[in-house]
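K.L.:
Next up is a structure, given as structure tokens.
2 protein chains.
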Amino acid sequence: MTARRPTVVQVAERAHVSIATVSRVLNGKLARPSSTERVLAAAAELGYVPDATGRSLRMGRSLQIAFAVDDVGNPVYTEMLSGVEDGMAGSGSRLSVASTGHNPADLMALIDELSRGYADGLIISPLRRTPELIQALVDAAVPTVVVGSLDAGAPLDTVRIDSGLGVRQAYEHLVDTGRRRIAFVGGPPDTAPGSARLNAFRLAGSEFGCAGPVVQAQGFTVTAGEQAWLELAGLTGRRRPDAVLAANDLLALGVMRAAKSAGRRIPSGLAVAGIDDIQFARIFSPSLTSVSLKARERGRLAARLLLGRIAAPGAPTRTEQVEPELIIRESTS
Amino acid sequence: MTARRPTVVQVAERAHVSIATVSRVLNGKLARPSSTERVLAAAAELGYVPDATGRSLRMGRSLQIAFAVDDVGNPVYTEMLSGVEDGMAGSGSRLSVASTGHNPADLMALIDELSRGYADGLIISPLRRTPELIQALVDAAVPTVVVGSLDAGAPLDTVRIDSGLGVRQAYEHLVDTGRRRIAFVGGPPDTAPGSARLNAFRLAGSEFGCAGPVVQAQGFTVTAGEQAWLELAGLTGRRRPDAVLAANDLLALGVMRAAKSAGRRIPSGLAVAGIDDIQFARIFSPSLTSVSLKARERGRLAARLLLGRIAAPGAPTRTEQVEPELIIRESTS
DNA sequence: TTGTAGGCGTTATCAT
DNA sequence: ATGATAACGCCTACAA
Numbered sequence: 040m041t042a043r044r045p046t047v048v049q050v051a052e053r054a055h056v057s058i059a060t061v062s063r064v065l066n067g068k069l070a071r072p073s074s075t076e077r078v079l080a081a082a083a084e085l086g087y088v089p090d091a092t093g094r095s096l097r098m099g100r101s102l103q104i105a106f107a108v109d110d111v112g113n114p115v116y117t118e119m120l121s122g123v124e125d126g127m128a129g130s131g132s133r134l135s136v137a138s139t140g141h142n143p144a145d146l147m148a149l150i151d152e153l154s155r156g157y158a159d160g161l162i163i164s165p166l167r168r169t170p171e172l173i174q175a176l177v178d179a180a181v182p183t184v185v186v187g188s189l190d191a192g193a194p195l196d197t198v199r200i201d202s203g204l205g206v207r208q209a210y211e212h213l214v215d216t217g218r219r220r221i222a223f224v225g226g227p228p229d230t231a232p233g234s235a236r237l238n239a240f241r242l243a244g245s246e247f248g249c250a251g252p253v254v255q256a257q258g259f260t261v262t263a264g265e266q267a268w269l270e271l272a273g274l275t276g277r278r279r280p281d282a283v284l285a286a287n288d289l290l291a292l293g294v295m296r297a298a299k300s301a302g303r304r305i306p307s308g309l310a311v312a313g314i315d316d317i318q319f320a321r322i323f324s325p326s327l328t329s330v331s332l333k334a335r336e337r338g339r340l341a342a343r344l345l346l347g348r349i350a351a352p353g354a355p356t357r358t359e360q361v362e363p364e365l366i367i368r369e370s371t372s
Numbered sequence: 040m041t042a043r044r045p046t047v048v049q050v051a052e053r054a055h056v057s058i059a060t061v062s063r064v065l066n067g068k069l070a071r072p073s074s075t076e077r078v079l080a081a082a083a084e085l086g087y088v089p090d091a092t093g094r095s096l097r098m099g100r101s102l103q104i105a106f107a108v109d110d111v112g113n114p115v116y117t118e119m120l121s122g123v124e125d126g127m128a129g130s131g132s133r134l135s136v137a138s139t140g141h142n143p144a145d146l147m148a149l150i151d152e153l154s155r156g157y158a159d160g161l162i163i164s165p166l167r168r169t170p171e172l173i174q175a176l177v178d179a180a181v182p183t184v185v186v187g188s189l190d191a192g193a194p195l196d197t198v199r200i201d202s203g204l205g206v207r208q209a210y211e212h213l214v215d216t217g218r219r220r221i222a223f224v225g226g227p228p229d230t231a232p233g234s235a236r237l238n239a240f241r242l243a244g245s246e247f248g249c250a251g252p253v254v255q256a257q258g259f260t261v262t263a264g265e266q267a268w269l270e271l272a273g274l275t276g277r278r279r280p281d282a283v284l285a286a287n288d289l290l291a292l293g294v295m296r297a298a299k300s301a302g303r304r305i306p307s308g309l310a311v312a313g314i315d316d317i318q319f320a321r322i323f324s325p326s327l328t329s330v331s332l333k334a335r336e337r338g339r340l341a342a343r344l345l346l347g348r349i350a351a352p353g354a355p356t357r358t359e360q361v362e363p364e365l366i367i368r369e370s371t372s
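Protein chains in written order, with the numbering used here: chain A, 40 to 372; chain B, 40 to 372.
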């Protein structure tokens, strides 16, 4: 911790070779067996480990990947992060995590920071996909992979999932199980998932004809879900919903909690379904029916995509598609 | 993304000064106003941003902090991570996250990796504090802050919390609310929190005399908690517990879920309390009584400690202490 | 096969 | 106040 770490120079001296030979041996290039042996021995004795910064400077690669996450409090991002780590396994790169909070400026600052060269690429799953953000990502100093659907125009690698299809699956399931007045608790409408899922709900509503009231929550949080329930709770008669479809699991959990406190029975009095299938969805009582958006798999794919892009910067942009999957649990059956 | 980024050389040429002056101006050292102005203008026009790698090499600092987490699936670590980010705010350093899984070798490899100089320090909250691990941390290439209690001997900065006191608080609360046969669901006994909390439970038991059966779970997970309940469920008569104290919230949630499925009423038939006070503890039904171990605060303090250590490597080791806090909710009252 | 030397981008010393 | 230059640790032509 105190002693200065040995460098190629120390190793070279000890092995009685030049630093070039040291570097070659350590990087697996060919060298005379005797030299190889001496270098390896010297390196081992000295406890030599190549310096990441020196190597980065020389190679022009930091061997780091940045992952920007909007809301660390949402388990879905933890799962995605876990997937990113999986996808990076064996790549030799490390993971730099930045939570950008809910401040768009933070995110822009992060993208700017990339031009410092501390990461070779960025994985991002932005809640708000504004044109400015997309443009910033396209112009970023390093390649970016977006987890989320983009207009075909943007020259960016993406990992997509049709969350609208997920909404439809949940909706259909609610109808199949006899619900006839399905309320929707949407996320903030200015977010990509917020608007996409609301649209899908409206579409499903016009097809199946069981759409009930729509509430826009302030965020994708449990608290917002609880508040959303308050708006729903007052409705009576024909406006009173027999099911709630929420734009994500945290909202659904909030709705369930508030509805239960208010004396509603779930699922007999009210069915509730969410989206994301976070790990806790299974644990709740009643356990929450939810549409898995395969966060982990998306993270894994994003990492593969990014590593591929870094290896071949000129290759045509790619898109990976993942399919949503309805997981039926107690809250609807 | 394609064009090579400008360096001090470009800026210097454009401003008609030397690279030394560019560096000085950009780092806020004194310079003639006219030079300052020209340099700033040139830098702005070129969109110059200092390269992190070049700076790191020269400064001998990577401006990165590593955070090693045993189990990303446990929200308590997400909260701690969040605290670490808070504590690092404004320091100019970035956060590198590595989840070491449950493989001790991974962790050792991570510590070895530190000697590559990719981080200036490490924050770690290890489940298993073996002598080998502690020694490795002491010998690590960069300073380490341990979130957890260590023997006084180890020359490491630490953030402590008396989780035994937390166990006692919960135990006392259960006794106060009339429970007379308190079961304990402990984590793996070879982990630091596993053994510390079990010991505290035994101590409280001998003091208050209401200790019931003890179950050792395989891990600190919901699933392990569900399995633990299975062991408890068969007990009858005098061995049948009227309360369960679990070594962490995930275990407690698992116990609650399994007990409810088995028809036990909570808290009337069985009281359940956990430890950690993860965000979801509040959301469950019934909401979970838990002892907050201030994960976020501990993360924040760890970051401060580490930054201080990096700034003053020779300073005496420090320990921050945080107090546990019992949060009473529905699962016990 | 091996060594010398240059350069990646930055900061800091030492003259001027 | 400023400029030339060295140095951080590494890899890799290029020359021998």
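Positions of the beta carbon are idealized from the N, C-alpha and C atoms, including for glycine.
Because the structure is a prediction, the values reported are computed rather than measured.
Which bits of chain B does residue 124(A) rub up against, with CB to CB less than 7 Å?
P.N.:
Ordered by position in chain B, the residues that pass the 7 Å Cβ test against residue 124(A) are 138.
K.L.:
So is residue 34(B) buried or exposed if we call it buried at 16+ other beta carbons inside 10 Å?
P.N.:
Residue coverage of chain B in this structure runs from 40 to 372, which leaves residue 34(B) outside it and unanswerable.
K.L.:
Which residues in chain A have a C-beta closer than 7 Å to the C-beta of residue 331(B)? List them in chain order.
P.N.:
Within 7 Å Cβ-Cβ: nothing; residue 331(B) doesn't reach chain A, min ~16 Å.
K.L.:
Mind checking whether residue 264(A) and residue 293(A) have CB atoms under 7 Å apart?
P.N.:
Result yes, Cβ atoms of residue 264(A) and residue 293(A) sit closer than 7 Å.
K.L.:
Measuring CB atoms only, is the segment 277-296 of chain A touching the segment 177-188 of chain A, in the sense that at least three cross pairs come out at less than 8 Å?
P.N.:
Segments in contact, no.
K.L.:
Could you check if residue 277(A) is buried or exposed, using at least 16 other CB atoms within 10 Å of its CB as the buried criterion?
P.N.:
exposed
K.L.:
Please report how far the alpha carbon of residue 362(A) lies from the alpha carbon of residue 200(A), in whole angstroms.
P.N.:
6 Å
K.L.:
Which first and last residues belong to the alpha helix (DSSP H) in which residue 278(A) is found?
P.N.:
Taken as a continuous stretch (DSSP letters only), residue 278(A) belongs to no alpha helix (DSSP H), as it is neither H nor E.
K.L.:
Taking the beta strand (DSSP E) that residue 225(B) falls in, what are its first and last residues?
P.N.:
221-225
K.L.:
When you check each C-beta in the segment 88-113 of chain B against every C-beta of chain A, which residues fall closer than 7 Å?
P.N.:
88, 89, 90, 91, 92, 93, 95, 96, 101, 111 and 112
K.L.:
Just checking my contact of residue 223(B) with residue 284(B) at CB under 8 Å: how many whole Å lie between their CB atoms?
P.N.:
5 Å
K.L.:
With a threshold of 7 Å between beta-carbons, can residue 157(A) be considered close to chain B, or not?
P.N.:
Answer yes: the Cβ-Cβ gap between residue 157(A) and chain B drops below 7 Å somewhere.
K.L.:
Could you tell me whether any Cβ in chain B is nearer than 7 Å to the Cβ of residue 322(A)?
P.N.:
yes
K.L.:
Keeping to the same chain, check which residues put their C-beta closer than 7 Å to that of residue 47(B); ignore five residues upstream and five downstream.
P.N.:
58, 61 and 62
K.L.:
Judging by CA-CA distance, which residue of 366(A), 343(A) and 353(A) is the nearest neighbour of residue 129(A)?
P.N.:
Looking from the CA of residue 129(A), the closest CA among 366(A), 343(A) and 353(A) belongs to 343(A).
K.L.:
In the DSSP assignment, the alpha helix (DSSP H) including residue 117(B) goes from what residue to what residue?
P.N.:
114-127
K.L.:
How big is the Cα-Cα spacing for residue 148(A) and residue 79(A)?
P.N.:
Approximately 44 Å, taken between the alpha carbons.
K.L.:
Keeping to the same chain, check which residues put their C-beta closer than 7 Å to that of residue 75(A); ignore five residues upstream and five downstream.
P.N.:
64
K.L.:
How big is the Cα-Cα spacing for residue 272(B) and residue 220(B)?
P.N.:
Those two C-alpha atoms are separated by around 14 Å.
K.L.:
What residue does the beta strand (DSSP E) around residue 252(A) start on, and which one ends it?
P.N.:
250-255
K.L.:
Over what stretch of residues does the beta strand (DSSP E) that includes residue 365(A) continue unbroken?
P.N.:
364-366 is the span of the beta strand (DSSP E), which, as asked, contains residue 365(A).
K.L.:
If the criterion is Cβ atoms closer than 7 Å, does the pair residue 185(B) and residue 195(B) meet it?
P.N.:
yes
K.L.:
In terms of DSSP beta bridges, what is residue 358(A) paired with?
P.N.:
197(A)
K.L.:
For residue 307(B), does the three-state DSSP call read helix, strand or coil?
P.N.:
It is coil, neither helix nor strand.
K.L.:
So does the segment 107-117 of chain A actually touch the segment 156-164 of chain A, counting three or more Cβ pairs closer than 8 Å?
P.N.:
yes
K.L.:
For residue 203(B), tell me which candidate among 215(B), 192(B) and 231(B) has the shortest Cα-Cα distance.
P.N.:
The alpha carbon of residue 203(B) has as its nearest neighbour, out of 215(B), 192(B) and 231(B), the alpha carbon of 231(B).
K.L.:
What's the call for residue 360(A), buried or exposed, on a 16-neighbour Cβ count within 10 Å?
P.N.:
Around the beta carbon of residue 360(A), fewer than 16 other beta carbons sit within 10 angstroms, so the residue counts as exposed.
K.L.:
Per DSSP, which residues does residue 103(A) bridge with? Please list them.
P.N.:
In DSSP, residue 103(A) forms a bridge with 133(A).
K.L.:
Report buried or exposed for residue 127(B), applying the criterion of at least 16 other Cβ atoms within 10 angstroms of its Cβ.
P.N.:
Its Cβ being crowded by 16 or more others within 10 Å, residue 127(B) is buried.
K.L.:
Going along the segment 303-319 of chain A in order, which residues come within less than 8 Å of chain B, judged by CB to CB distance?
P.N.:
318 and 319
K.L.:
Please list, in chain order, the chain A residues whose beta carbon lies closer than 7 Å to that of residue 172(B).
P.N.:
By Cβ distance, chain A contributes nothing, its closest Cβ being about 16 Å from residue 172(B), past 7 Å.
K.L.:
State the DSSP-derived secondary structure class of residue 312(B), mapped to helix, strand or coil.
P.N.:
strand
K.L.:
Report yes or no: do the segment 240-251 of chain B and the segment 301-315 of chain B share at least 3 C-beta pairs separated by less than 8 Å?
P.N.:
no
K.L.:
Kindly identify the DSSP beta-bridge partner or partners of residue 161(A).
P.N.:
105(A) and 183(A)
K.L.:
Do the segment 293-305 of chain B and the segment 332-342 of chain B make contact, defined as three or more Cβ pairs closer than 8 Å?
P.N.:
no
K.L.:
Could you compute how far the alpha carbon of residue 87(A) sits from the alpha carbon of residue 144(B)?
P.N.:
20 Å
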